[in-house]
Amino acid sequence: MTGHVEARAALLLLADGRLPAGGHAHSGGVEAAVLDGSITGLRDLAEFLRGRLATSGLLAASFAAAVCRSVRTAGPATELAADVLAVFEAEVDARTPSPAQRAASRAQGRTLMRVARAAWAVPAHPAAPHHCVALGIVAAAAGLEPRDAALAAAHASVNGPATAAVRLLGLDPLAVTGVLAEIAAEVDRIAAAADTASALRAPERLPAGSAPQLDLLAERHRTAEVRMFTS
Amino acid sequence: MHLEHDRPLGGGGAPAASGGAGPRWQSPPGTPAGPAPTDRALRVGVGGPVGSGKTALVAALCRALAGRIRLGVVTNDIYTTEDADFLRSAGVLDPGRIRAVETGCCPHTAIRDDITANLDAVEDLESDLGRLDLILVESGGDNLTATFSYGLVDRQIFVIDVAGGDKVPRKGGPGVAGSDLLVVNKTDLAPLVGADLAVMARDAAAMRGGRADRPVLFTSLRSDAGASDVADWVLAQLPSPARPQ
Ligand SMILES: Nc1nc2c(ncn2[C@@H]2O[C@H](COP(=O)(O)OP(=O)(O)OP(=O)(O)O)[C@@H](O)[C@H]2O)c(=O)[nH]1
Ligand SMILES: [Mg+2]
Numbered sequence: 001m002t003g004h005v006e007a008r009a010a011l012l013l014l015a016d017g018r019l020p021a022g023g024h025a026h027s028g029g030v031e032a033a034v035l036d037g038s039i040t041g042l043r044d045l046a047e048f049l050r051g052r053l054a055t056s057g058l059l060a061a062s063f064a065a066a067v068c069r070s071v072r073t074a075g076p077a078t079e080l081a082a083d084v085l086a087v088f089e090a091e092v093d094a095r096t097p098s099p100a101q102r103a104a105s106r107a108q109g110r111t112l113m114r115v116a117r118a119a120w121a122v123p124a125h126p127a128a129p130h131h132c133v134a135l136g137i138v139a140a141a142a143g144l145e146p147r148d149a150a151l152a153a154a155h156a157s158v159n160g161p162a163t164a165a166v167r168l169l170g171l172d173p174l175a176v177t178g179v180l181a182e183i184a185a186e187v188d189r190i191a192a193a194a195d196t197a198s199a200l201r202a203p204e205r206l207p208a209g210s211a212p213q214l215d216l217l218a219e220r221h222r223t224a225e226v227r228m229f230t231s
Numbered sequence: 001m002h003l004e005h006d007r008p009l010g011g012g013g014a015p016a017a018s019g020g021a022g023p024r025w026q027s028p029p030g031t032p033a034g035p036a037p038t039d040r041a042l043r044v045g046v047g048g049p050v051g052s053g054k055t056a057l058v059a060a061l062c063r064a065l066a067g068r069i070r071l072g073v074v075t076n077d078i079y080t081t082e083d084a085d086f087l088r089s090a091g092v093l094d095p096g097r098i099r100a101v102e103t104g105c106c107p108h109t110a111i112r113d114d115i116t117a118n119l120d121a122v123e124d125l126e127s128d129l130g131r132l133d134l135i136l137v138e139s140g141g142d143n144l145t146a147t148f149s150y151g152l153v154d155r156q157i158f159v160i161d162v163a164g165g166d167k168v169p170r171k172g173g174p175g176v177a178g179s180d181l182l183v184v185n186k187t188d189l190a191p192l193v194g195a196d197l198a199v200m201a202r203d204a205a206a207m208r209g210g211r212a213d214r215p216v217l218f219t220s221l222r223s224d225a226g227a228s229d230v231a232d233w234v235l236a237q238l239p240s241p242a243r244p245q
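Just so you know, the sequences run in chain order S and Y.
Heads up: the first sequence at position 206 corresponds to 206 in UniProt numbering, and the numbers run straight through without jumps.
Heads up: the second sequence at position 232 corresponds to 232 in UniProt numbering, and the numbers run straight through without jumps.
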């Protein structure tokens, strides 16, 4: 067999919930939402996930795709241009008003970069970028396309929080899988929109979906006396 | 830095033959512990079930060793920074030498399957404090199957206690059978719970294949606040230049 074979297996690896990339300690706001009573069961969870996907999910997917595109354009062996990445970083910062969320994003970016360095030719720097920026860098290093980076980011924006809900509320994991399957088409749509945006827009014009409730939940969670998840 | 050596828990090789009445989970004969690193601190994991005395042991080791070697501690807590706070308030180690990792709902994941946050913490300790001789990593309390990845630590101590009854060593599991050091703590409680220490010693030795390089120590941290035997074992694991005279 000859011809171009698309990199698909690397995408599955990158999107696998068992990837040792530090995600297991984060709930993406679900724990705080459970504590304040806004998620009590499957239906609430589904709504929460849809909201998360449409806001921070779209944002993460757009930046992951844009960073991936920019790294690929720069050429495979090139050291990542620090000033280009700094622009993306600053744009994500500007879209993440909650310090707790910024910290959680950078902590997960750092752990993702660590596992990725063991797997692909990922440079040592940046050491702790935002998670979506890290995803873009890693996707490019793994030979993936911007739309793959977007899909991985959109998927991560709902998958981790859904798992956290299973642990926090004792929800039926099979039913939660059903919810994730229900919104899978929406994950695809968000990823496609993010990919398109990343191709057409400069970093400062990338989607800036905001979810003030998620910001508030993240801040409240940081000061909670007892918590099961870091964020 | 991710530890490179690839050492299966309890060593490699074929499982030891076990007769019908023998232990259910037996430690295979395997490779001895890898050499202690010389370019960074030795990392020693302290794991074991909830409440067995891991933090008490870490505190005791701090008391015994803080004045003799360059020491740091990483704690893993599920919900809070309880253990780190305890150690800081116990005054056994400079608070700046203690870091807390929050593990989320899965303490065993953070020390075994996804060690990235703990690697960040141990590396931060050495990059902030300079070269250390020893970093103790206390796991969150979990169960008999929760053990450390050797990608995170160089040696692991598994702490059980007699309060759970003298059956615990017999139940085995990778911590009891394969840890580099098994500590059976709270021996002072043995008469109160009717635990037979001789039975525990016999079962533990059997589970561990009677191997001289996998000792079992009995402690009462109530009466031995410096955990002297354990401290000696830990010191013996250090590469010789780091060992205090
Ligand atoms: N009687 C007695 N009590 C002990 C001994 N060692 C520890 N304890 C007590 O046992 C309790 C639990 O000890 P910890 O050191 O917190 O146990 P741990 O394993 O760190 O607990 P988690 O981190 O919550 O899993 C505390 O109240 C200790 O004071 C001992 O040798 N004898
Ligand atoms: Mg403890």
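Note that beta-carbon positions come from the ideal geometry of N, C-alpha and C, so glycine has one too.
| Query | Result |
| --- | --- |
| Where does residue 174(Y) land, buried or exposed, given buried means 16+ other C-beta within 10 angstroms? | buried |
| The beta strand (DSSP E) that contains residue 203(Y), what's its start and end? | It is not in any beta strand (DSSP E) - residue 203(Y) instead sits in the alpha helix (DSSP H) that spans 197 to 207. |
| Could you say which of 167(Y), 241(Y) and 229(Y) lies nearest to residue 267(Y) if we only look at CA atoms? | Residue numbering for chain Y in the displayed model covers 1 to 245; residue 267(Y) lies beyond these limits and cannot be assessed. |
| Run through DSSP, which three-state label would residue 50(S) get? | helix |
| Can a CB atom of chain S be found closer than 8 Å to the CB of residue 85(Y)? | no |
| Could you spell out where the alpha helix (DSSP H) holding residue 88(S) opens and where it closes? | 82 to 94 |
| Is residue 45(Y) near ligand 2, with its Cβ less than 7 Å from a heavy atom? | no |
| So which residues of chain Y does residue 110(S) contact, with C-beta pairs closer than 7 Å? | 120 |
| Tell me whether the beta-carbon of residue 134(S) lies closer than 8 Å to the beta-carbon of residue 231(S). | no |
| Counting by C-beta, which residues lie closer than 5 Å to a heavy atom of ligand 2, in chain order? | 54(Y), 55(Y) and 83(Y) |
| Classify residue 5(S) as buried or exposed, calling it buried when 16 or more other Cβ atoms lie within 10 Å of its own Cβ. | exposed |
| What did DSSP end up calling residue 34(Y) once you bin it into helix, strand or coil? | coil |
| Report yes or no: do three or more beta-carbon pairs, one from the stretch 52 to 64 of chain Y and one from the stretch 195 to 203 of chain S, lie closer than 8 Å? | no |
| How many whole angstroms separate the CB atoms of residue 25(S) and residue 102(Y), which I take to be in contact at a CB cut-off of 8 Å? | 6 Å |
| Note down, in chain order, every chain B residue with its Cβ under 9 Å from the Cβ of residue 51(Y). | Although the question refers to chain B, the structure presented lacks it and instead comprises the protein chains S and Y. |
| At a threshold of 7 Å, does residue 145(Y) count as lining ligand 1 (C-beta to nearest heavy atom)? | no |
| Ignore the nearest five residues each way along the sequence and tell me which others in residue 193(Y)'s own chain have a CB closer than 7 Å to its CB. | 162, 163 and 165 |
| To the nearest angstrom, report how far apart residue 84(Y) and residue 113(Y) are at their CA atoms. | 22 Å |
| Does the Cβ of residue 77(Y) have 16 or more other Cβ atoms within 10 Å, making it buried, or fewer, making it exposed? | buried |
| Count the other C-beta atoms from every protein chain shown that fall within 10 angstroms of the C-beta of residue 30(S), then say buried if there are 16 or more, exposed otherwise. | buried |
| From the DSSP secondary-structure annotation, give me the bridge partner or partners of residue 75(Y). | 100(Y) and 138(Y) |
| Just to confirm my understanding: we take residue 200(Y), look at its own chain, exclude 5 residues before and 5 after, and list those with CB closer than 6 Å. What are they? | 166, 169 and 184 |
| With a threshold of 8 Å between beta carbons, is residue 230(S) in contact with chain Y? | yes |
| Using the C-alpha atoms, what's the distance from residue 106(Y) back to residue 104(S)? | 18 Å |
| Below 8 Å on C-beta distance, what does residue 115(S) contact in chain Y? | 116 |
| What is the rounded straight-line gap between the Cα of residue 172(S) and the Cα of residue 16(S)? | 20 Å |
| Quick check on residue 243(Y): does DSSP put it in helix, strand or coil? | coil |
| Taking 8 Å as the threshold, find out whether the stretch 205 to 225 of chain Y comes into contact with the stretch 38 to 50 of chain Y through three or more Cβ pairs. | no |
| Among residues of its own chain, excluding the 5 on either side of residue 148(S), which ones have a beta-carbon nearer than 7 Å to its beta-carbon? | 11 and 139 |
| Consult DSSP for residue 45(Y) and reduce its assignment to one of helix, strand or coil. | strand |
| Look up residue 218(Y) in the DSSP assignment and give the residues it is bridged to. | 184(Y) |
| Counting Cβ pairs, one atom from each stretch, are 3 or more of them under 8 Å apart for the stretch 82 to 89 of chain S and the stretch 153 to 162 of chain S? | no |
| Considering just the uninterrupted stretch of the alpha helix (DSSP H) at residue 160(Y), what are its terminal residues? | Looking at the DSSP string, residue 160(Y) is not in any alpha helix (DSSP H); the run it does join, the beta strand (DSSP E), is 155 to 161. |
| Determine the closest residue to residue 117(S) out of 141(S), 131(S), 98(S) and 102(S), with distance taken between C-alpha atoms. | 141(S) |
| Does residue 161(S) have its Cβ less than 8 Å from a Cβ in chain Y? | no |
| Just to make sure I have the definition right: I need the residues of chain Y whose C-beta is within less than 8 Å of the C-beta of residue 226(S). Which are they? | 79 and 80 |
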